[in-house]
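Colleague:
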Amino acid sequence: MKTTVLCLAISLSLLWHPASAQLYDFTVWEAQQQINMTTHNSIGVKIYETSSKNTRKAWADELKKMGGKVKSKDEITATGCTLKDFGQVSFNVYSKIITNNDSVCTLFTAV
């Protein structure tokens, strides 16, 4: 499941500028991140050449495509997500976006 969420996060980072894959380092890492007042094991990825507002909207749209009920305030929570590859098992996704500067933000996601 982490692999699927990781692939979605990387895909999201390439949505705006596919050519930027050659220009930037898309390192993915695991980290302990506080999301919704709880510390989670999460996956982090930097997303370049976009704002946190655009990242939040695109990520929320991806979570909705998984059938999740999305709440997006300071952090993004999606409950009841499902993926065909996992059968009928539902899961929750917790995400946090941190703005590093004007055109770089970091997306942390935990399942």
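So that you can map any letter, position 15 of the sequence shown is 61 in my numbering, and since no number is skipped, the others follow by simple counting.
Here a beta-carbon is modelled for each residue, glycine too, at the ideal position from N, C-alpha and C.
Keep in mind the model is a prediction, meaning the values are calculated, not measured.
(1) What beta strand (DSSP E) runs, 3 residues minimum, are completely inside the segment 64-138?
(2) Is Gly114 near Gly133, with beta carbons less than 8 Å apart?
(3) Compute the Euclidean distance between the alpha carbons of Asn146 and Ser98, then round it to the nearest angstrom.
(4) Report the three-state DSSP secondary structure of Val150 (helix, strand or coil).
(5) Just the C-alpha distance for Gln79 and Cys151, rounded to the nearest angstrom, thanks.
Modeller: In this structure, then:
(1) Counting only runs of at least 3 residues, the segment 64-138 fully encloses the following beta strand (DSSP E) elements, listed from N- to C-terminal order: 74-81, 84-94, 115-118, 122-127.
(2) In the sequence shown, residue 114 corresponds to position 68, counting from 1. In the sequence shown, residue 133 corresponds to position 87, counting from 1. In this structure, Gly133 does not lie closer than 8 Å to Gly114 by Cβ.
(3) Within the sequence shown, residue 146 is the residue found at index 100, counting from 1. Within the sequence shown, residue 98 is the residue found at index 52, counting from 1. Rounded to the nearest whole angstrom, the CA to CA distance from Asn146 to Ser98 is 9 Å.
(4) Looking up residue 150 in the sequence shown gives position 104. Note: Val150 maps to strand in three-state DSSP.
(5) Taking the sequence shown and counting its residues from 1, one reaches residue 79 at position 33. Taking the sequence shown and counting its residues from 1, one reaches residue 151 at position 105. Near 15 Å, if we compare the C-alpha coordinates of Cys151 and Gln79.
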